[in-house]
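Residue numbers (the UniProt record's numbering), protein chains in the order written: chain A, 1 to 242; chain B, 1 to 316. Heads up, the beta-carbon is just placed ideally off N, CA and C, and yes, glycines get one too. Scroll down for the structure; my scribbles are underneath it.
The structure is reproduced here in structure tokens:
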């Protein structure tokens with residue numbers, strides 16, 4: 001199957017190879033949570049809720065009492081994929097993604113400022129169309145910033161792949177399941193540091209670098225957007241407060 | 001907008017947007033210019049040695065925000081005031097909390113802080129009002145003072161060296177709150193004032209604006225002197241059986257709904273504003289349950305925009 005049209009250079013959903021899907025971020029969607037966000041990348045739709053910092057509920061999980069405990073739970077809604085299937089809570093895929101998100105977010109949260117407390121991040125995929133991992137990280141960042149949790153930097157994530165000898169930015173489900181390489185990159189946008197790098201399949205060294213550069217560019221574009229959303233929200237809250 | 005998922009019709013949406021836009025234009029330009037998000041640079045003059053406060057960090061010699069909020073400058077201190085964050089206690093704050101656990105010699109209270117607060121048995125007045133050592137019997141009778149899920153009003157006493165927060169309730173005005181409603185709002189909407197206890201005489205209602213964003217609206221209770229307590233005890237037991245009059249209950253609900261509307265719109269909660277909103281609902285014959293409808297939200301936003309506009313006009 002052709003994933004990039006050789007004549008026009010467009011992809012299956014009509015994008016250019018280095019074009020991202022449309023982004024949409026909304027803050028404050030869960031009223032009971034301390035911070036919450038909805039993040040959309042094209043048809044991928046993710047909701048994130050943050051509770052905390054709050055008292056540690058299970059003392060045995062506490063590793064050291066100088067830092068906050070960060071927990072994360074990733075879930076896919078039953079209606080999120082094409083075939084409606086009951087997804088068990090503790091399957092390996094979601095456990096792995098939970099861990100990935102937790103580690104990525106923990107790298108940017110200033111946990112030493114909130115000792116004796118825990119932060120819970122819940123992310124749920126409402127619509128899955130490739131790149132749920134990236135979308136979840138972006139949503140979690142928005143939600144954490146909304147909850148007023150101090151962070152070193154904005155963490156954003158974006159995926160890129162290599163199909164039909166073209167590097168492609170922000171793969172959708174069809175491209176994702178094509179069997180080519182899928183590189184998910186998470187960066188601290190301003191400090192320019194990588195906090196997450198995952199790849200399935202193999203890529204030659206030089207191609208990998210171009211693909212990763214493309215993904216990093218995507219991350220930066222997302223970071224700019226996320227900061228716009230947050231600044232807009234902050235200004236609005238401050239104006240209304242009076 | 002947050003908490004505001006209203007079924008607005010076309011006219012109401014336009015009116016609400018107009019009112020919110022009005023508020024945005026009325027706000028001082030400095031306020032929106034000082035807004036920062038995570039990892040924004042804060043412009044400082046490095047020649048005068050500044051102090052980096054809460055919400056800031058040093059990255060390659062630059063002052064960088066770690067929170068979303070508004071930059072505040074006090075002399076040399078630069079810090080970021082957060083908007084939507086949990087409550088940050090300061091000594092002497094009056095707070096309202098909920099008892100979640102009874103531990104040896106102490107109660108644990110949920111107060112919207114990053115940890116549970118501790119109220120020691122020794123740091124509160126006993127119901128008999130006598131100053132004495134707390135005995136083992138007192139410890140066994142702790143449940144007769146506060147039980148789990150009771151709503152309690154107290155004062156922040158200070159931090160222990162291990163970082164836990166201690167409260168005290170050494171006055172008749174603190175203690176258990178009954179016959180009313182507890183409302184939780186974001187903590188940034190309550191400003192620290194001299195007065196946090198308000199007795200609204202026209203409604204016979206007590207209003208407590210806890211600094212932690214917990215707001216109590218309840219039936220007025222007369223604070224008794226300790227000497228009178230014994231005599232009142234018989235009366236008290238008889239009183240417990242009488243119910244809150246329906247009129248007072250209506251007032252409680254009306255004020256509580258006023259608080260709900262104002263907090264959903266994100267306006268700073270002051271007694272004046274809460275009373276004004278409640279009065280407005282009475283004068284325009286809005287039923288208590290209709291106060292949470294779309295129309296009243298729009299009216300409240302419009303009224304607030306007008307009020308702030310008038311205030312600004314007077315200043316000029």
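Each of 157/B, 270/B, 111/B, 36/B was checked against the Cα of residue 98/B, and the nearest Cα belongs to 111/B. At a Cβ-Cβ threshold of 7 Å, residue 145/A and residue 38/B count as neighbours.
Its chain contains no residue whose beta carbon lies nearer than 8 Å to that of residue 82/A once the 5 sequence neighbours on both sides are disregarded. Between residue 97/A and residue 70/A, the beta carbon gap of about 15 Å keeps them out of contact (Cβ cut-off 8 Å). For residue 101/A, the secondary structure class from DSSP, reduced to helix, strand or coil, is helix. Residue-level contact by beta carbon holds for residue 145/A and chain B, with a gap shorter than 7 Å. Judged by DSSP secondary structure, residue 212/A falls outside any beta strand (DSSP E) and instead within the alpha helix (DSSP H) spanning 205-241.
Contact check between the segment 178-186 of chain A and the segment 19-29 of chain A: fewer than three CB pairs, one atom from each, fall below 8 Å, which does not count as touching.
The C-alpha of residue 138/A is placed about 12 Å away from the C-alpha of residue 224/A. Secondary structure note for residue 89/A: it is in no alpha helix (DSSP H), with a DSSP letter that is neither H nor E.
The C-beta of residue 281/B comes no closer than 7 Å to any C-beta of chain A. Secondary structure at residue 74/A: strand, using DSSP grouped into helix, strand and coil. Counting only Cβ-Cβ distances below 8 Å, residue 148/A has contacts in chain B at 67, 68, 69, 82, 83, 84, 85, 86, in chain order. Look at the UniProt domain "S1 motif" (90-170) of chain B: the residues with a C-beta under 7 Å from a C-beta of chain A are 114, 115, 116, 163. Runs of beta strand (DSSP E) with 3 or more residues, each lying fully within the UniProt domain "S1 motif" (90-170) of chain B, are found at 94-103, 106-110, 117-124, 151-159, 165-169, listed in chain order.
If you draw a straight line from the Cα of residue 156/B to the Cα of residue 203/A, it is about 59 Å long.
From the beta-carbon of residue 297/B, no residue of chain A is found nearer than 7 Å; the closest lies around 13 Å away.
Residues of the segment 260-293 of chain B that bring their beta carbon within less than 8 Å of a beta carbon in chain A comprise 265, 266, 267, 268, in sequence order. Residue burial annotation: residue 121/A is buried, with at least 16 other C-beta atoms found within 10 angstroms of its C-beta. Counting along the chain, residue 25/B sits inside the alpha helix (DSSP H) bounded by residues 10-26. For residue 198/B, the enclosing beta strand (DSSP E) starts and ends at 197-200.
With fewer than 16 neighbouring CB atoms inside 10 Å of its own CB, residue 25/B falls in the exposed class. A residue is called buried once 16 or more other Cβ atoms fall within 10 Å of its Cβ, and residue 10/A, having fewer, is exposed.
The beta carbon of residue 117/A sits closer than 7 Å to some beta carbon of chain B. DSSP, read as helix, strand or coil, puts residue 290/B in helix. In this structure, the straight-line span from the alpha carbon of residue 117/A to that of residue 85/B is close to 14 Å.
Counting other Cβ atoms within 10 Å of its Cβ, residue 262/B reaches 16 or more and is therefore classed as buried.
Each residue's CA atom was taken as its position, placing residue 73/A and residue 190/A some 27 Å apart. Rounded to whole angstroms, the Cβ separation of residue 268/B and residue 28/A is 18 Å, and the two are not in contact under 8 Å. Interface criterion met: the Cβ of residue 23/B is under 7 Å from a Cβ in chain A. Between residue 229/A and residue 147/A the beta-carbon gap is near 15 Å, outside 8 Å, which marks them as no contact.
Within chain A, the residues whose beta carbon sits less than 8 Å from that of residue 189/B are 241, listed in sequence order. Counting along the chain, residue 129/A sits inside no beta strand (DSSP E), nor does DSSP assign it H or E at all. Listed in chain order, the non-local C-beta contacts of residue 116/B below 7 Å within the same chain comprise 100, 108, 109, 110, local neighbours out to five positions each way being set aside. Remark: fewer than three beta-carbon pairs, one from each stretch, lie closer than 8 Å, so the segment 66-75 of chain B and the segment 207-225 of chain A are not flagged as touching. Residue contact with chain A for residue 27/B: present (Cβ-Cβ distance below 7 Å to some residue of chain A).
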